[in-house]
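Quick note on my numbering: the sequence shown kicks off at 3 and runs consecutively.
Heads up, the beta-carbon is just placed ideally off N, CA and C, and yes, glycines get one too.
Computed from a predicted model, the values in this text were never measured in an experiment.
Here the structure comes first, spelled out in structure tokens, and everything after it is commentary.
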Amino acid sequence: MYKELNLCLIIIIAAFKGYRSECKITEEQLDNCFHDAMFLGNLDSIIPSNEDEMSHHCSTINGGVNCARDYSASCLTGFPQQVTEMVLTNMGHHMESRCNKPSERAEFLENVKCFLPKEKMKPLHVCGDKHTKFMEIASKMSKEDAHLAFMCCAYQVFKHCILTNTIQICSEGHAQYWDEIFEEVASEAVTFACSDFDSVDKCAAKLKPEDWAKIKTIDQATDPAVWAHNMRTPIKFMLEMINKFHMDS
3 MYKELNLCLI
13 IIIAAFKGYR
23 SECKITEEQL
33 DNCFHDAMFL
43 GNLDSIIPSN
53 EDEMSHHCST
63 INGGVNCARD
73 YSASCLTGFP
83 QQVTEMVLTN
93 MGHHMESRCN
103 KPSERAEFLE
113 NVKCFLPKEK
123 MKPLHVCGDK
133 HTKFMEIASK
143 MSKEDAHLAF
153 MCCAYQVFKH
163 CILTNTIQIC
173 SEGHAQYWDE
183 IFEEVASEAV
193 TFACSDFDSV
203 DKCAAKLKPE
213 DWAKIKTIDQ
223 ATDPAVWAHN
233 MRTPIKFMLE
243 MINKFHMDS
């Protein structure tokens, strides 16, 4: 779950001007590394149930974090890089504890038990797919549109989707566990980049009504056709936003 969270925050900041033309990571490479490391949106992702699977899980997630670090170092500058480093630093600390402290490693294994068999995670994958659809919409916005506010609110709705579905699949206690991870990894960056839109309630009150209506229509939809996007990850849409909001400036 936290890998998908990391992806969301990187997508949020990608719309800011701060992209390096000498970026050395291809779209395909970025897409592949994120897809392999995604806990949500990748139906083949492993839900660890023992120590060997946990070690594989940690290796995969850490590989994704390293890929994101390479992307940040070679492709971003200024404010986008600053916010990305906030997320990645917190993510690194979290993964260090998650994978190397026996008590936290055991706590993680205990908290993912309720997602097995992994078919039970389908509603959470839908949350990820809906977020990718939000990014597709944002990628089609103009520079004059409130694209950052839209992405901040898309993130808040994604988080709410994850937590409410975790309550239904598991329990309120399990949702609280994941909410604490959201706070640990992302709260600093969200406060920095999305201070006016750092909750669902603020989004409902402050986001342009037509944009909020688009988000809520997808969020409340039950027909997969509403959020269909035909992409493995949101990377394509992220790069489209970088090109539009930076290259055209």
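- Between residue 221 and residue 148, the beta carbon gap of about 18 Å keeps them out of contact (Cβ cut-off 8 Å).
- Relative to residue 31, the option among 64, 51 and 69 whose CA is nearest is 69.
- Within the segment 141 to 186, complete beta strand (DSSP E) segments of at least 3 residues are not found at all.
- Just so you know, the alpha carbons of residue 173 and residue 201 end up roughly 22 Å apart.
- With a cut-off of 8 Å on Cβ pairs, the segment 61 to 75 is in contact with the segment 33 to 40, counting three or more such pairs.
- Taking C-beta atoms as the reference points, residue 116 and residue 107 fail to come closer than 8 Å.
- Less than 8 Å separates the beta-carbon of residue 40 from that of residue 235.
- Taking 8 Å as the cut-off, the Cβ atoms of residue 243 and residue 141 count as close.
- A Cβ-Cβ separation of about 4 Å places residue 205 in contact with residue 155 under the 8 Å criterion.
- With the rule of 3 Cβ pairs closer than 8 Å, the segment 157 to 171 counts as touching the segment 117 to 132.
- Taking C-beta atoms under 8 Å as the contact rule, residue 60 and residue 97 qualify, at a distance of about 7 Å.
- Straight-line spacing of the CA atoms in residue 161 and residue 105 works out to 26 Å.
- When DSSP states are grouped into helix, strand and coil, residue 90 belongs to the helix group.
- Straight through space, the alpha carbons of residue 43 and residue 74 are spaced by roughly 22 Å.
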